[in-house]
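Residue numbers (this note's numbering), protein chains in the order written: chain G, 14 to 232; chain F, 135 to 876; chain D, 498 to 577; chain E, 498 to 577.
We put the beta carbon where it would ideally sit given N, CA and C, even for glycine.
Reading through the structure tokens given below for one structure.
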Amino acid sequence: MKSAVIVFPGSNCDRDAAVALERITGNAPHMVWHKDTDLPEVDLVVLPGGFSFGDYLRSGAMSASSPIMAAVKAHADAGRYLVGICNGFQVLTEAHLLPGALMRNAGLNFVCRTVPLIVANDETAFTRGYKKDSIIKVPVAHHDGNYFADDATLEMLEGEGRVVFRYGENPNGSLHDIAGIINKRGNVLGLMPHPERVVDPMLGGEDGVPFFSSVMEAV
Amino acid sequence: MTSTVEATKDTMSEITPEIVAEHGLTEDEYALIVKRLNREPNLTELGIFSVMWSEHCSYKSSRFWLAKLPTKGPQVIQGPGENAGVVDLGDGDAAVFKMESHNHPSFIEPYQGAATGVGGIMRDVFTMGARPVANMNALRFGAPEHAKTRHLVAGVVSGIGGYGNCMGVPTIGGETNFDPRYNGNILVNAMTVGLARTDKIFYSAAKGVGNPVVYVGSKTGRDGIHGATMASAEFDDDSDEKRPTVQVGDPFTEKLLLEACLELMNEDAIIAIQDMGAAGLTSSSVEMADKGGVGIKLDLDQVPQREESMTAYEMMLSESQERMLMVLQPGREDVARKIFEKWGLDFAIIGITTDTGHLTLSHGGEIVCDIPIAPLADDAPKYERPWVASKQQDVIEASEVKAPETLSSALECLMGTPDLCSRRWIWEQYDYTVMADTMQIPGGDAGVVRVHGTQKGLAVTTDVTPRYCEADPREGGMQAVAETWRNLTATGAKPLAITDCLNFGNPERPEIMGQFVGCIEGMAEACKALDYPVVSGNVSLYNETNGQGILPTPAIGGIGLIEDVSRMATLAFKDEGDVILLLGKTIGHLGQSLYQRHIDGDVKGAPPPVNLDKERKIGDFVRTLITNGTATAVHDVSDGGIAVAIAEMAMASGLGAKLATPSEVEAPHGFWFGEDQARYIVTVKCDDAHKVITHILEAGIKVNRLGLVGGNSLDIEGDAPISVEKLKATHEAWLPAYMSTN
Amino acid sequence: MKAHVHITLKNGVLDPQGKAVQNALGALGFEGVGNVRQGKYMEIDLDESDPAKARASLEAMCEKLLANTVIENYKIDLEA
Amino acid sequence: MKAHVHITLKNGVLDPQGKAVQNALGALGFEGVGNVRQGKYMEIDLDESDPAKARASLEAMCEKLLANTVIENYKIDLEA
Ligand SMILES: Nc1ncnc2c1ncn2[C@@H]1O[C@H](COP(=O)(O)OP(=O)(O)O)[C@@H](O)[C@H]1O
Ligand SMILES: [Mg+2]
């Protein structure tokens, strides 16, 4: 599988994502600078975690209008896979590639914690390697992870099975305990927890491995 | 252009004794300046002298004593004197690290003060070519009941997180204390460890004449002017007046600066590089020139400025953050400019190195400063301040301290005190897993990060027990070093070197100076005995309000190397049936213990004595038990004694233990809560126990078999058992409850 | 020309910060504090001197970047 | 009674957010954008109906909680 990681100024999980992708897929991803306008031909694009543009104004807002984003949208429109992790999820909502918004955590503090995550849908390209309703342990580390959408949107997400991950213990006040959602077509997913940080048994588990290997099998 | 400073003098306000005093200089110091210059300085020059000769920059009260610390060893690549210390990790890897205080700014504006402290220490590390891989923070707050404490804790913690998290550097540990002696002067000490290649380390000595001096990073504003002199002044009740000197941190810009600097360091372009920290442009340019033995000429009109009509004085004294000064190879300016522009940062050539030995500044077409560099740096005043030794305290026998109703009730009480409760509320606000190399998260003996792409681990800890330092500065200084050594050892790491942050009261008072001297002597002795040199550090004096000094707090930051992270120890119990051993001798020393403080009600007496030979022998032995795979869990014994150590091992695992007090013990509370040094709790598999005990005894080390891991409560024979769950609930409760009340 | 832009959360969008402020004010002993909503306020200097053009340009800025119109409203005022 | 509170950075205090917004607007192709300063804006509902009392109480709130007076100024407006 070929992949690319977009590097925004202030991204800081770009290396973590690259290490995880190389470890699991065997290929090092392309690292693409946000000012570029072309994407290499890849199967998966990752918008990594971090504090792009310092999280100033709103998390993900400035990145969402970066030059590379047109190519990222085209990649998604072509049905290829796109995932946003943490800050990447915030970018996806700001770019309107996923509905809703990520607000300040209900407790107002940054929260770094390994949380139980429930796999709410195991039929997506990202979660086929998990079993529905199984509980995996994945760290979160964010300040703005409190998922908000209006009632109609929530109803739609639930009705269409688009809530992919739910918190077992909600760390941030997200509505419906939402930790990750997918678009209607099933190729664009955003989640706040960091699967790329749990792909090595020495570092607190491998519960993130199926996330990446599922996509690899899907392509 | 006029060529002498004399010509501009009459446009400057005359230097009055009041102006001299406002700059924190004594009359004698001013007289010395006039003598060295052979004339009166103008205001800009006076400002420059005042920051360079401040306690913060010149270490005038401490230099004499700092020289007593051992700084050498085969592992040391760079000792004190550079932006940070450097030690060898083998295979071409080096660790670059330092700790620094941001006490006064954090008291005035906790969020920004702490944030810019973290930003500053990270710059010290990446200036040397290292990518920061771990942050630590050592915090001291006033009494929980004090009106300001909660607000300060909230602000400091979110400031540290706000900066470190944005930089993408994991914060993997620290320490936190509360004591009324910090009511008016909190301590915020931040430490950063970075990784570099031994052949790619960058230094600050400006070499060569005619080389371009380059400014990069953020623009200069009127931030923190006189921050460095403020950091050296005592507080009084109208210190609110000093507020505008607070700087606002911009971690996003610093992240860009980090990436841009590391990118440029891959090119052959930098001769010297120095961050602009305290005293900004002044200290960076003077220090670079002084170390390289050259002069420097700056054209202040070229300095990127955020505000209009800034004066030379303001530009030289501004402490705007996120800036660096570099001397480049001539001809490489464009390579550098391109990189900084890519990252959206200011880049300006603002000067040139010269052969004059002078710092020469021009502004608006006039020379506004022309002073020899040597007196600014090397010839700064150095004081051997008078000191008196602290009074020796009597040793208190355990039998003189009242026994608790039950050991378990005392333990439960202790685990819920501000001194021993869980710091989770703090460290969950820090991203400790970013960079995906964190092997031990906060909550253990030391934080551990893997050296990226290798099997090596870097263990990091910070420690000091201020109440011991006050009761006996020398023992306290030794103990602080020994405890870091022990915490590193408990993970299986070989301790390599330390950095320090020496926080004390007003050195002009002989008792305070006596504490300083005692602590340094104790530290020096421990460093020598443990082959554990000091490679960097920082001194923060005048932590005093209305004549009340803080507890003497020489915070020590230690780092150690784990050769193979698959052979690392953690403190959590592993399996039912494992045998719990105590290594090291227990007398039951309760003087200055937390038991005394919380159960008996009064802290007094001598602190536990430190025996460095034993410390080393037992630690080395424990490390082999870890590296040969025999130890299943390890934890050192410190605050709260054996009972607390075992409780921490139980809570981390959810497993309980069946324990018994050794038959020869006369005062069980002394045994379980005494804070005797050089001890570890080690668990081993039941089958190995006999053999291990024999080996320990053969090595001449005292060992007690305390019991077995198992069940879900801590159960000391003859005492009331207590469930691990209950202990954990108590342990986790205090801090979040405290922080959520108003 | 100077512009003042207010960005506020739409009705029905939850406001964790406003809520926390409201609670904190109560805990500090301030009585009779009802709903608190927190928004952003920006002062923007513009070269443009024609008010109509400035407003049009500011609207575009708000739509594209300054506000997230899924959850936020904006209001533009030009300094006379 | 409803109050509007503006909290802005004092003159000379670095505003990283405003600076980043200014750069981002430039990158998006908006021309002639000068200085941008970002502040907070709060709407607070109060039971108090006496304007003088409301203002006094709001001032206390700003001093104690809403503004960080080390680096920020505040401005209180009461809705008629
Ligand atoms: N300010 C802090 N930041 C991060 N971690 C902290 C902080 N304060 C305490 N900790 C963590 O809490 C644990 C307990 O601290 P402490 O009692 O000082 O440990 P020890 O007795 O082993 O030195 C340690 O793992 C430490 O790293
Ligand atoms: Mg310890």
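Span of the alpha helix (DSSP H) around residue i
i: F/Trp561; result: Arg558 to Trp561
i: F/Ile505; result: From DSSP, F/Ile505 is part of no alpha helix (DSSP H) but of the beta strand (DSSP E) over Glu500 to Pro506.
i: F/Ile827; result: Cys820 to Glu832
i: F/Ser533; result: First-last for F/Ser533: undefined, no H or E at that position.
i: F/Leu869; result: Val858 to Ser874
i: F/Ile752; result: Leu746 to Thr761
Three-state secondary structure assigned by DSSP to residue i
i: F/Lys376; result: With a pLDDT of 38 at F/Lys376, under the threshold of 50, the modelled position of that residue is not reliable, and the figure given next carries that caveat. If DSSP states are grouped into helix, strand and coil, F/Lys376 belongs with the helices.
i: G/Val20; result: strand
i: F/Ile473; result: helix
i: G/Ile195; result: strand
i: E/Leu511; result: coil
i: G/His156; result: coil
i: G/Met116; result: strand
i: F/Ser496; result: strand
i: D/His503; result: strand
i: F/Ile733; result: helix
i: G/Tyr180; result: strand
i: F/Gln574; result: strand
i: E/Asn520; result: helix
i: F/Ile775; result: The residue asked about is misnamed: residue 775 of chain F is Gly in this sequence, not Ile. Note: F/Gly775 maps to helix in three-state DSSP.
Residue span of the beta strand (DSSP E) that contains residue i, given as start and end
i: G/Val222; result: From DSSP, G/Val222 is part of no beta strand (DSSP E) but of the alpha helix (DSSP H) over Val222 to Ala231.
i: F/Ser847; result: Ser847 to Ile850
i: G/Ile90; result: Contrary to the premise, residue 90 of chain G reads as Asp rather than Ile in this sequence. Element bounds for G/Asp90: not the beta strand (DSSP E) but the alpha helix (DSSP H), Met82 to Asp90.
Within chain G, the residues that residue i reaches when beta carbons sit closer than 7 Å
i: E/Leu525; result: Ser78
Contact with chain B by residue i, beta-carbon distance below 9 Å
i: E/Asn565; result: Chain labels in this structure do not include chain B; the protein chains are G, F, D and E.
Chain E residues whose Cβ lies nearer than 8 Å to that of residue i
i: G/Gly199; result: Within 8 Å Cβ-Cβ: nothing; G/Gly199 doesn't reach chain E, min ~31 Å.
i: F/Thr387; result: Pro513
i: F/Glu453; result: Near F/Glu453 there are no residues of chain E at all, since even the closest Cβ is about 11 Å away, more than 8 Å.
i: F/Gly358; result: Here the premise fails: no neighbours, minimum Cβ distance about 10 Å.
Interface partners of residue i on chain G, CB under 9 Å
i: F/Trp477; result: Pro22
i: F/Cys300; result: Gly23, Asn25, Gly63, Phe64, Gly67 and Asp68
Chain F contact for residue i (CB, 9 Å cutoff)
i: E/Gly531; result: no
i: G/Pro42; result: no
i: G/Gly112; result: The residue asked about is misnamed: residue 112 of chain G is Pro in this sequence, not Gly. Closer than 9 Å: no.
Cutoff 9 Å: residue i Cβ touching any chain G Cβ
i: E/Ala517; result: yes
i: F/Thr567; result: yes
Contact list for residue i against chain E, beta-carbon separation under 9 Å
i: G/Tyr69; result: Pro513, Gln514, Gly515, Lys516, Ala517, Val518, Ala521 and Gln535
i: D/Asp544; result: Glu528, Gly529, Val530 and Gly531
Chain E within 9 Å of residue i, Cβ atoms only
i: D/Ala553; result: no
i: F/Glu243; result: yes
i: F/Gln209; result: no
Amino acids of chain D, ordered along the chain, whose beta-carbon sits closer than 9 Å to that of residue i
i: E/Lys561; result: Leu522, Leu525 and Phe527
i: G/Gly186; result: Leu511 and Pro513
Residue i: contacting residues in chain D (beta-carbon distance under 8 Å)
i: G/Phe161; result: Val510, Leu511 and Ile568
Proximal chain F residues relative to residue i, where beta-carbon distance stays under 7 Å
i: G/Asn122; result: Ser292 and Gln563
i: G/Val32; result: Ala570
Proximal residues of chain F, C-beta to C-beta of residue i below 8 Å
i: G/Asp29; result: Val568, Met569 and Ala570
Partners in chain D for residue i, counting only beta-carbon separations shorter than 7 Å
i: E/Ile541; result: Val530 and Val533
Short CB-CB distance (under 9 Å) between residue i and chain D
i: G/Met75; result: yes
Beta-carbon neighbours of residue i, restricted to chain G and to distances below 8 Å
i: F/Val699; result: Met215
_For the structure I just gave you, are there three or more beta carbon pairs, one from the stretch 647-666 of chain F and one from the stretch 529-537 of chain F, closer than 8 Å?_
no
_Quick test of the definition: if touching needs 3 or more C-beta pairs under 8 Å, does the stretch 545-562 of chain D touch the stretch 518-527 of chain D?_
The answer is no - the stretch 518-527 of chain D does not touch the stretch 545-562 of chain D, with fewer than three Cβ pairs under 8 Å.
*Do the stretch 844-852 of chain F and the stretch 776-793 of chain F make contact, defined as three or more Cβ pairs closer than 8 Å?*
yes
*Determine, using beta-carbon pairs with one atom in the stretch 505-513 of chain F and one in the stretch 575-594 of chain F, whether at least three such pairs fall under 8 Å.*
no
_I want to know whether the stretch 626-644 of chain F touches the stretch 153-171 of chain F - three or more CB-CB distances under 8 Å._
Touching, no, given that fewer than three Cβ pairs across the two stretches are closer than 8 Å.
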